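J.: Here it is, the structure in full.
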Amino acid sequence: MTYTAVFAIACMIALTGCGQGNSSEGAASPSSQPPSASSESPSSSPSASGQGLKIGMVTDTGGVNDNSFNQSSWEGLQQLSQETGIEVKYLQSKADSDYLPNLNQFAKQNYDLTWGIGYIIADSMKLSAEQNKDARFAIIDNVVEMPNIQSVTFAEHEGSFLVGVVAGLTTQSNKVGFIGGLEIPVIKRFEAGFKAGVAAVNPNATVSVNYTGAFDKPDLGKAAAATLYNDGVDILFHAAGSTGNGAFNEAKDRVKNGQKVWMIGVDKDQSLIFGNEVTLTSMVKRVDEAVKLVSKSVIDGTFQGGTVLSLGLKDNGVGLPADNPNLSQEVLDKVEEYKAKIVSGEIEVPTE
Amino acid sequence: MIDWKRWFIKDNAAIPLLAILSGLLFGAFVMLLGGFNPIDAYSHLFRNVFGSPYDFGETIRQVTPLIFTGLSVAFAFRAGLFNIGAEGQFVMGMTGASIVGVLLEAPWYIHAPLALAGGALLAGLWGGLAGFLKARWGINEVITTIMLNWMALYLSNYIVRAFLLEPKQQRTYLIHDSAKTSMAWLSELFGSARVHWGIFFALLAAVLCYAFLWKTGQGLELRAVGHNPHAAQYAGMNVKRNVTKAMFIGGVFAGLGGAFEILGVFHYQVIASASPGLGFDGIAVALLGGNHPLGVVLAALLFGSLSYGSAGMSFGADVPPEIIRIIIGSVIFFVASPGIIRWAMGLFARNRKRKEVA
């Protein structure tokens, strides 16, 4: 028996050593603090320094590696941390019941700002903001009217209008399609903007719409895409989270078999994930920029609780990615033309 | 009375305890591999559970539904049925409570009990359906309850979307105040943690579950059916009725958990893309608790604490959520495989014997 104990202890010691070796990399740690050297560098002006400030982020149940807005937000915070030396940390929510304790965790630890990522966190954030009146919060994709909450929304309809223009000019069959997740206001904005954009450049084209009822069901996305492609649609735009991944798979299969179909990605430049053979372009939503913008306002002391920050085309909050290898100059010029019209207010894009 | 000695001395108490310990040790092992300090992490876990009244209150909130779903699985187990459907029954309980809580208006002393009863009844029928299929046509309850879980999820999503949806939201209207089972003064006591009446009802349900199974004739019948249905049949017991009844009552327990979750914690129900998972945790809780009501309460305490405290590990010791899931998973694994622990204990005992001989 004593041998067993000795062996166990030896194992522990060996592992501790090994563990410490790994920890110096710290890549897997959810807390990322920049090396102290960067904050001491002369280039960082004192006004932009966030030394000593702490910003927390609560994900929705999608988790921090969702390839979508949670991930984008966290990337934004990490960048900001490297630029200004603020301390950032995230808490992942396993279930709806976790939102409130996670928000409170940050608030009660006197974090200078707590992010809630996603539409669904609004109710919990309101409660937490009522219980912690001195704490500051910010939410993505929803509006909560509280003096200590900054709401951030995006003009998805404006960006969707532009990819609608692309689709309208590119379609051969004059049939394009839209796949949505849940039928909620955010997604409705995508649909309305897309339809308006298609109609603006190609009045003969029809837009078929399919709501799958979920953001996390690739099988439903694949089935919806198959139905629409069978129907003669040749370009699909999705706003359905990972449900859209299934639609991309369907498009890939068809392209492999020689059929000419396209997908238009959402939130991030999805050609980076799914490749340029199927990704015509993407409707990029700069959640990371928004997170940085509002977090910076906390650093500068200009945080405006109780207000809504709405980011549209003119703020570069939404739009096409920088690189569009599949789009001709002609199409890109048209996109720029419409973008200018929307920014100047000449065209008002419908939201539903 | 409960035979305390049996609980703490005999190996059926030692095995779960060793299983928990092995799970935590394995978790420490994984954390070391990942470069995290397990002692720091576990102390943060502990602090996140007992550190402040708020955290302790939220832990109780987390424990409450686990007691209910644990009882649900344990009760059916005593009748020889493996109720994997606690998850679906839990969801139906939530839905029943939402329907009554949102659509009806009544004074609180009618509304809240009615909402609870609505949830419990719907969930009971949901469980009873699986029991009936088993009794009538011998369809394995494991298969039916798994399928019924999905049906419950989608049916409740449909009900929420079609009848209870607040415009421009992804959830129902808030339930009326009269249906809420929150306890303002208790909540206040715990730093506005969401503690509600459910915990008292959960403990009461555990007592009732014990009394029913071990102190009544019907309970004896149920357990007899669980031990040996053929013998029970031969002794003149109605096996089919008992199977349906066990699943119905199991469903009621899970449904009460779901109903309290709506009435006490959320006050609304969301359109969920996946079920909350508390029913599945209930299986582990029942296994860990030896399918005994007292064991279920203790196991739920452990599980709830682990699950709520894990946020502290993430927050205080920077352990990423993925590793925390491995730790919780390994505790479940060791609990669910008592054979491993017995084998290890056997080695241990043989070793000792050999030494005694020498």
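Chains as they are written, first to last, in the numbering used here: chain A, 3 to 354; chain B, 31 to 388. Note that the Cβ used here is the ideal one computed from N, Cα and C, for glycine as well. Just so you know, these numbers come straight off a predicted model, no measurement behind them.
Which chain A residues sit within Cβ distance under 8 Å of Ala341/B?
T.: On the second sequence, position 311 is the one that residue 341/B refers to. Neighbours of Ala341/B on chain A, chain order: Leu93, Asp100, Pro103, Asn104, Gln107.
J.: Beta-carbon separation of Ala140/A and Leu115/A under 8 Å?
T.: Counting from 1 along the first sequence, the entry for residue 140/A is found at position 138. Counting from 1 along the first sequence, the entry for residue 115/A is found at position 113. Yes, they are a contact pair.
J.: Can you say whether Glu332/A is buried or exposed, counting buried as having 16 or more other CB atoms within 10 angstroms of its CB?
T.: As a first step, residue 332/A must be located in the first sequence, where it is residue number 330. The residue in question, Glu332/A, is exposed, as its Cβ has fewer than 16 Cβ neighbours within 10 Å.
J.: DSSP three-state call for His322/B: helix, strand or coil?
T.: Sequence index remark: in the second sequence, residue 322/B carries index 292 (1-based). Three-state result, His322/B: coil.
J.: Using 8 Å for Cβ pairs, my map puts Lys287/A next to Gly161/A. What's the rounded Cβ distance?
T.: Here residue 287/A is taken as the residue at index 285 of the first sequence, counted from 1. Here residue 161/A is taken as the residue at index 159 of the first sequence, counted from 1. Sure, about 7 Å apart at Cβ, within 8 Å.
J.: Only counting the same chain, and skipping five residues up and downstream in sequence, which positions put a Cβ closer than 6 Å to that of Glu196/B?
T.: Indexing the second sequence from 1 puts residue 196/B at position 166. Excluding residues within five positions, the ones whose Cβ falls inside 6 Å are Tyr203.
J.: Can you tell me the Cα-Cα spacing of Glu85/A and Gln306/A, whole angstroms?
T.: To locate residue 85/A, count along the first sequence from 1; it is residue 83. To locate residue 306/A, count along the first sequence from 1; it is residue 304. Glu85/A and Gln306/A: Cα-Cα distance of roughly 22 Å.
J.: Mind checking which residues open and close the alpha helix (DSSP H) that includes Asp269/A?
T.: As a position in the first sequence, residue 269/A is number 267, starting the count at 1. Here Asp269/A belongs to no alpha helix (DSSP H); instead the beta strand (DSSP E) covers 264-269.
J.: Would you decide whether Phe193/B is buried or exposed? Buried here means 16 or more other CB atoms lie within 10 Å of its CB.
T.: Here residue 193/B refers to the residue found at position 163 of the second sequence. Its Cβ having fewer than 16 others within 10 Å, Phe193/B is exposed.
J.: Which same chain residues, not among the five before or five after Val121/B, have their C-beta less than 7 Å away from its C-beta?
T.: Here residue 121/B refers to the residue found at position 91 when the second sequence is read from its first residue. If we look at Val121/B and ignore the five residues flanking it on each side, its Cβ neighbours are Ala182, Leu183, Ser186, Gly288, Ser305.
J.: Please tell me whether Pro352/A has its Cβ less than 8 Å away from any Cβ of chain B.
T.: What you label residue 352/A is simply residue 350 of the first sequence in a count that begins at 1. By this cut-off, Pro352/A is not an interface position.
J.: Which residue wins for smallest C-alpha separation from Thr281/A, given the options Val289/A, Leu322/A, Lys341/A?
T.: Residue mapping note: residue 281/A aligns to position 279 of the first sequence, counting from 1. The shortest C-alpha separation from Thr281/A is found at Leu322/A.
J.: Between the C-alpha atoms of Pro220/A and Glu252/A, what's the straight-line distance to the nearest angstrom?
T.: Residue mapping note: residue 220/A aligns to position 218 of the first sequence, counting from 1. Residue mapping note: residue 252/A aligns to position 250 of the first sequence, counting from 1. C-alpha separation (whole angstroms): 10 Å.
J.: Does the beta-carbon of Gly281/B have 16 or more other beta-carbons within 10 angstroms, so that it is buried, or is it exposed?
T.: Position 251 of the second sequence, counting from 1, holds the residue named residue 281/B. Gly281/B is buried by the Cβ-count criterion.
J.: Is any beta-carbon of chain B found at less than 8 Å from that of Asp271/A?
T.: Taking the first sequence and counting its residues from 1, the one referred to as residue 271/A is at position 269. No, because no Cβ of chain B sits closer than 8 Å to the Cβ of Asp271/A.
J.: To test your reading of the DSSP string, which unbroken beta strand (DSSP E) runs of 3 or more residues are found completely within the region 159-198 of chain A?
T.: Taking only runs of at least 3 residues, the beta strand (DSSP E) segments lying wholly in the region 159-198 of chain A are 177-182.
J.: Inspect the beta-carbon positions of Gln152/A and Val296/A and report whether they are closer than 8 Å.
T.: For the purposes of this step, residue 152/A is taken as residue 150 along the first sequence, with counting starting at 1. For the purposes of this step, residue 296/A is taken as residue 294 along the first sequence, with counting starting at 1. It is a contact, given that the beta carbons lie within the stated cut-off.
J.: What is the C-beta distance between Ala127/B and Gly157/B, in whole angstroms, given that I count them as a contact (C-beta under 8 Å)?
T.: Translated into the one-based positions of the second sequence, residue 127/B becomes position 97. Translated into the one-based positions of the second sequence, residue 157/B becomes position 127. In fact, because the Cβ distance is near 16 Å, the residues do not count as touching under 8 Å.
J.: Taking the C-alpha atoms as reference points, what is the distance between Leu152/B and Pro68/B?
T.: Position 122 of the second sequence, counting from 1, holds the residue named residue 152/B. Position 38 of the second sequence, counting from 1, holds the residue named residue 68/B. Spanning the two alpha carbons is a distance of roughly 44 Å.
J.: Throw me the rounded Cβ distance for the Gly131/B and Ile292/B pair, which I believe falls under 8 Å.
T.: Walking along the second sequence from the start, residue 131/B turns up at place 101. Walking along the second sequence from the start, residue 292/B turns up at place 262. Right, their Cβ atoms sit about 7 Å apart.
J.: Can Gln92/B and Tyr338/B be called in contact, C-beta distance under 8 Å?
T.: Position 62 of the second sequence, counted from the start, is the residue given in the question as residue 92/B. Position 308 of the second sequence, counted from the start, is the residue given in the question as residue 338/B. Yes.
J.: What does Val300/B touch in chain A if you count any residue whose Cβ is under 8 Å from its own?
T.: The residue given as residue 300/B occupies position 270 in the second sequence. Within chain A, the residues near Val300/B are Asp98, Ile122.
J.: I want to see whether chain A comes within less than 8 Å of Ser222/B, judged by CB atoms only; does it?
T.: As a first step, residue 222/B must be located in the second sequence, where it is residue number 192. Ser222/B counts as touching chain A.
J.: For Ser346/A, count neighbouring Cβ atoms within 10 angstroms of its own Cβ and tell me buried if that reaches 16, exposed if not.
T.: Taking the first sequence and counting its residues from 1, one reaches residue 346/A at position 344. Counting Cβ neighbours within 10 Å, Ser346/A comes out exposed, since fewer than 16 surround it.
J.: Please report the residue range of the beta strand (DSSP E) in which Glu89/A lies.
T.: Translated into positions along the first sequence, residue 89/A becomes position 87. From DSSP, the beta strand (DSSP E) with Glu89/A extends over 89-93.
J.: If we cut at 8 Å on Cβ distances, does Thr99/B have a partner in chain A?
T.: Reading the second sequence from its first residue, position 69 is the one you call residue 99/B. No, its Cβ sits nowhere closer than 8 Å to a Cβ of chain A.
J.: According to DSSP, what are the bridge partners of Thr155/A?
T.: As a position in the first sequence, residue 155/A is number 153, starting the count at 1. According to DSSP, which records beta bridges pairwise, Thr155/A is partnered with Ser312/A.
J.: Using a Cβ cut-off of 8 Å (strictly closer), state whether Pro187/A contacts chain B.
T.: Here residue 187/A corresponds to residue number 185 of the first sequence, with the count starting at 1. Yes - at least one Cβ of chain B is within 8 Å of the one on Pro187/A.
J.: Could you have a look at Thr281/A and say whether DSSP puts it in helix, strand or coil?
T.: If you number the first sequence from 1, residue 281/A lands on position 279. Residue state, collapsed to three classes: strand.
J.: Helix, strand or coil: how does DSSP classify Tyr213/A here?
T.: Within the first sequence, the letter at position 211 stands for residue 213/A. Of the three classes helix, strand and coil, the one that applies to Tyr213/A here is strand, per DSSP.
J.: According to DSSP, simplified to helix, strand and coil, what is Val349/B?
T.: Here residue 349/B corresponds to residue number 319 of the second sequence, with the count starting at 1. Here Val349/B sits in coil by DSSP.
J.: Judging by CA-CA distance, which residue of Glu352/B, Phe105/B, Glu218/B is the nearest neighbour of Glu88/B?
T.: The residue labelled residue 88/B in the question sits at position 58 within the second sequence. Closest option to Glu88/B, Cα to Cα, is Glu218/B.
J.: Looking only at its chain, what residues have a beta carbon closer than 6 Å to the beta carbon of Pro352/A, apart from the 5 residues adjacent to it on each side?
T.: Numbered from 1 along the first sequence, position 350 holds the residue referred to as residue 352/A. The residues are Ala194, Ala198.
J.: Of all the CB atoms in chain B, is at least one closer than 8 Å to the CB of Gln133/A?
T.: Here residue 133/A corresponds to residue number 131 of the first sequence, with the count starting at 1. Answer yes: the Cβ-Cβ gap between Gln133/A and chain B drops below 8 Å somewhere.
J.: Nearest-angstrom Cα distance between Lys369/A and Asn150/A?
T.: Because chain A here runs from 3 to 354, residue 369/A falls outside it and cannot be looked at.
J.: Beta carbon of Ile349/A, beta carbon of Ile88/A: below 8 Å?
T.: By 1-based counting over the first sequence, the position of residue 349/A is 347. By 1-based counting over the first sequence, the position of residue 88/A is 86. For Ile349/A and Ile88/A, no; Cβs fall outside 8 Å.
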